[in-house]
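For the sequence shown, position 657 (counting from the first letter as 1) is numbered 657 according to UniProt numbering, and the numbering increases by one without interruption. Note that the Cβ used here is the ideal one computed from N, Cα and C, for glycine as well.
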Amino acid sequence: RDVALSVAALSFNLWFTKLSCKDFRLNQEISEQLLYMLSKSVTLEELVLENSGLKADFAQRMAQVLSNHPDSVLHTINLAGNQLEDRGIVAFSQHVKKSPKGLQSLSLARTMLTAKAGMSTLCKALADNKAIGSSLRHLDLSGNPGTLAGDDISNLQSLLHQCHSISHLSLASTDCPLDAVSTYPLSTSHSSSHTISHPSSAVQGATALAGSSSTWLTSPPLQLFGALVHGCHTSLVHLDLSKNVYSHKRVKTISPDIKEFFSQACALRHVSLAGTKLPADAVRSLLQGLSDNSHISDLHLDLSSCELRSAGAQVIQDLIPDASSISNLDLSDNGFDPDMVTLVLSIGRSKSIRHVSLGKNFNIKSKEGLLDILHRIVQLTQEDDCPLQSLSVAESRLKLGTNVLLSALGSNTSLIALDISGNAMGDTGAKMLAKALQINTKLRTVVWDRNNTTAHGLLEVAQALERNYTLKSMPLPMSDVAQAYRNNPEKTEEAVHKLQSCLTRNQLRRTLPAQTFRLQQGILTTSSEQMVNEICLSVQKHVDILSACPGREAEVDIICAEEAIRNANLSISILPLLYEAGSTPYQNGKLQHKLECLTEEASQTCGREIQAIMQAALDTAHSLCPAVVQKSGVRDQLVNAMSERIYLQDHLNLSVVLDQMITDVFSKLNEIKLSVTAAMADCIVDAVLGELTIAQCKLAESLPKQGFDLPALLPEPAEDDATMPARGRNPPDL
């Protein structure tokens with residue numbers, strides 16, 4: 001009821017613009033309040049009701065409510081994970097078709113659609129709404145098996161052909177055939193035209209104006225990628241076509257649309273074809289397109305579980321070195337086993353790939369063959385100009401072969417992330433990992449679950465982490481921990497506690513641990529405090545002797561000496577508190593926020609500066625030798641050469657450098673704080689020693705007058721001058 005009341009309050013609230021509910025079942029009362037809120041709100045822009053137990057009736061009523069509310073500003077709708085079925089989707093499609101403002105984001109993943117009644121109706125409604133063509137940026141129809149299984153997906157292709165703004169498209173697990181060919185009518189206008197970026201898209205400019213005289217033409221046959229070329233190749237950033245099929249028929253030829261799309265894409269950052277059985281020639285077209293593309297960089301390409309085998313491996317070996325736009329490549333589970341040596345060598349020739357996943361490709365019967373592959377991987381990561389930063393060999397059952405990789409980690413200076421999970425390396429592998437972690441200072445992330453590690457192996461790694469201050473992330477190996485806990489709960493619990501505490505320490509650490517926190521035990525045990533105590537005892541002995549003498553000649557000196565002793569004891573007693581305050585790590589959330597904003601701005605400025613440097617170099621080359629630069633392909637060669645050199649200069653790690661700057665600032669502030677504390681402690685000790693020395697001198701002058709022998713009463717020196725503490729300590733020297 002509280003949730004229902006909160007939702008009802010949003011009906012007239014002018015502040016909140018988004019309502020999000022995920023994995024929480026909404027009862028009838030809350031659903032009613034949601035519908036009422038949608039009928040009244042003039043500020044709600046985003047609605048997320050993911051996996052909330054909604055049915056078709058809710059979608060029908062929601063469509064009706066929104067259709068009757070012209071002042072609604074809702075542009076983002078996520079109803080994923082609800083059983084809306086065709087009834088709900090058809091009703092919702094009628095609203096979408098007539099929505100005057102269109103939508104920016106729509107997610108209907110896992111909503112139990114069928115092919116004709118649900119998916120086809122939805123795509124047609126989206127395509128018929130002219131506003132959608134320029135407003136829709138995010139479309140997720142994934143997880144609806146069979147909805148795009150037919151050869152006729154013309155409504156979807158029509159939608160993609162017209163949408164020029166889509167940046168995120170997910171059609172995963174819809175059984176969409178990537179080679180399906182469709183033709184559909186396009187309205188052409190005689191009164192205006194667009195500038196066309198590609199000759200084959202001449203029909204595109206004819207759909208610009210509604211209301212002009214128009215005719216209906218039939219488009220040339222297009223595949224899915226052809227529709228993307230004509231529609232959103234300039235805007236698409238994320239494309240997920242995983243767990244589909246390339247074709248429902250026997251493939252004879254590969255459409256040129258694949259190469260054309262990947263050569264013309266301007267903004268792509270993520271492409272997933274995982275779990276889609278691809279012919280080798282389709283992979284060839286994809287990589288050739290990427291090799292010809294100079295617009296994109298830092299692309300994540302997922303080709304895992306595509307059944308590429310030897311034919312696909314040969315294609316990748318030939319083309320991957322030239323596909324400089326790829327920075328993250330997933331080739332897991334492709335049956336590359338006999339081709340891994342040459343495949344690793346080809347990846348080594350790439351100067352752009354920083355993250356590679358090779359798991360489930362090591363089913364090698366020959367032990368020598370497996371070791372050869374692993375040594376090739378080690379050699380790849382140890383090259384001086386190696387751009388590789390992340391390696392995954394997960395779920396490969398390497399067993400003791402994992403030790404080949406782990407033994408090389410100690411001297412590795414390139415990898416910052418390693419995934420060796422699912423390799424059954426046992427406690428022997430855990431011991432090798434522990435040794436590597438004690439030496440390696442480059443790794444930031446290690447994943448190592450499902451390795452048959454016992455409590456003993458877990459504890460060895462945990463103890464190694466006590467000496468490692470650079471590893472930031474090591475997800476708890478839950479499978480191994482669960483099994484180890486059954487056999488040895490106490491040791492497992494100890495290992496888990498150490499693992500978590502060490503990682504927490506590393507994540508929060510702002511200074512070098514071995515140097516900056518030694519002040520706390522430093523001065524307290526130095527000869528400075530010992531000297532104060534020795535002089536206090538000597539002065540007290542003088543006071544006791546003179547106090548027993550008759551007469552009042554030394555009374556003033558005795559009072560001053562007793563006060564000096566009290567001040568000295570008080571000062572020494574508060575020094576531990578002072579040291580403790582000084583050794584506490586410096587923290588300031590406001591300063592950290594400002595520094596993070598500064599690093600973000602600096603990162604952007606550096607990026608612009610690099611572009612300016614490249615442009616200036618091109619301009620200089622053009623002015624000095626225009627005849628050469630103007631030749632076909634020379635300019636592109638110059639750009640590629642400069643880009644490769646920038647990779648060698650490791651400019652892509654600028655963010656790491658800037659992040660380190662924040663750590664350095666806080667480290668310096670800690671040093672300053674400790675220096676200030678040390679200086680204050682030194683001054684206090686000096687003042688106490690000075691006051692005691694003056695008191696002792698005055699008392700010493702009074703002793704001969706009372707008939708006492710002075711040398712017999714002086715204390716023996718506590719230590720040599722050579723062991724006297726130096727003043728003006730610097731924390732790193734302590």
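- [ ] Please state if the CB of residue 317 and the CB of residue 342 are separated by a distance shorter than 8 angstroms.
- [x] yes
Task: Contact check, residue 325 vs residue 299, beta carbons under 8 angstroms - done: yes
Task: Secondary structure of residue 253, DSSP reduced to three states - done: coil
TODO: Would you give the residue range spanned by the beta strand (DSSP E) that residue 48 belongs to?
DONE: 46-50
Task: residue 333 versus residue 116: straight-line alpha-carbon distance, rounded - done: 34 angstroms
Open item on the list: I need the straight-line Cα distance from residue 156 to residue 290, nearest angstrom please.
Closed with: 25 angstroms
- [ ] Please report how far the alpha carbon of residue 249 lies from the alpha carbon of residue 423, in whole angstroms.
- [x] 38 angstroms
TODO: Mind checking which residues open and close the alpha helix (DSSP H) that includes residue 18?
DONE: Where residue 18 is concerned, there is no enclosing alpha helix (DSSP H), although the beta strand (DSSP E) it sits in stretches over 18-22.
Open item on the list: DSSP three-state label for residue 718, please.
Closed with: Legend: pLDDT at residue 718 = 39, less than 50; position of this residue unreliable, value from coordinates given subsequently. Coil at residue 718, not helix or strand.
- [ ] Would you please state the rounded distance, in angstroms, between the beta carbons of residue 42 and residue 20? I believe it to be under 8 angstroms.
- [x] About 19 angstroms; that fails the 8 angstroms criterion.
- [ ] Could you tell me whether the Cβ atoms of residue 239 and residue 278 are closer together than 8 angstroms?
- [x] no
Task: Neighbourhood of residue 30 by C-beta, 7 angstroms cutoff - its chain only, sequence neighbours within 5 removed - done: 3, 4 and 7
TODO: Check whether the Cβ of residue 77 lies closer than 8 angstroms to any Cβ atom in chain C.
DONE: Of the protein chains in the structure, only one exists, and it is not chain C.
Task: For residue 76, three-class secondary structure by DSSP - done: strand
Open item on the list: Checking 8 angstroms against the spacing of the C-beta atoms, do residue 477 and residue 453 come in under that value?
Closed with: yes
Task: Option in 80, 410 and 402 with minimal Cα separation from residue 420 - done: 402
Open item on the list: Please report the distance separating the alpha-carbon of residue 9 from that of residue 74.
Closed with: 17 angstroms
Task: Uninterrupted alpha helix (DSSP H) stretches inside the stretch 103-163 (no shorter than 4 residues) - done: 121-128, 132-135 and 154-162
Open item on the list: Quick check: the stretch 82-101 against the stretch 143-152, are at least 3 beta-carbon pairs closer than 8 angstroms?
Closed with: no
Task: Identity of the residue in 281, 276 and 105 nearest residue 313 by Cα - done: 281
- [ ] Indicate, with yes or no, if the ligand ZN has a heavy atom lying under 7 angstroms from the CB of residue 489.
- [x] Among the components modelled here there is no ligand, and therefore nothing to report on the ligand ZN.
Open item on the list: On the DSSP letters alone, give me the boundaries of the alpha helix (DSSP H) that residue 506 sits inside.
Closed with: 489-508
TODO: In the DSSP assignment, find the alpha helix (DSSP H) that holds residue 93 and state where it starts and stops.
DONE: 85-98
TODO: For the stretch 251-328, list the beta strand (DSSP E) runs that are entirely contained and at least 3 residues long, ordered along the chain.
DONE: 270-272 and 299-302
Open item on the list: Quick check on this structure: which residue in 594, 399 and 436 has the alpha carbon closest to the alpha carbon of residue 413?
Closed with: 436
Open item on the list: Quick check: the Cα distance between residue 458 and residue 390, rounded to an integer number of angstroms?
Closed with: 23 angstroms
- [ ] Taking residue 453 as part of the beta strand (DSSP E), name the residues at either end of that continuous run.
- [x] Per DSSP, residue 453 belongs to no beta strand (DSSP E) and is neither H nor E.
Open item on the list: Going by DSSP in three states, residue 482 sits in which element: helix, strand or coil?
Closed with: helix
Task: Simplified DSSP assignment, three categories, for residue 177 - done: strand
TODO: Give the DSSP-derived three-state secondary structure of residue 445 in the structure shown.
DONE: strand
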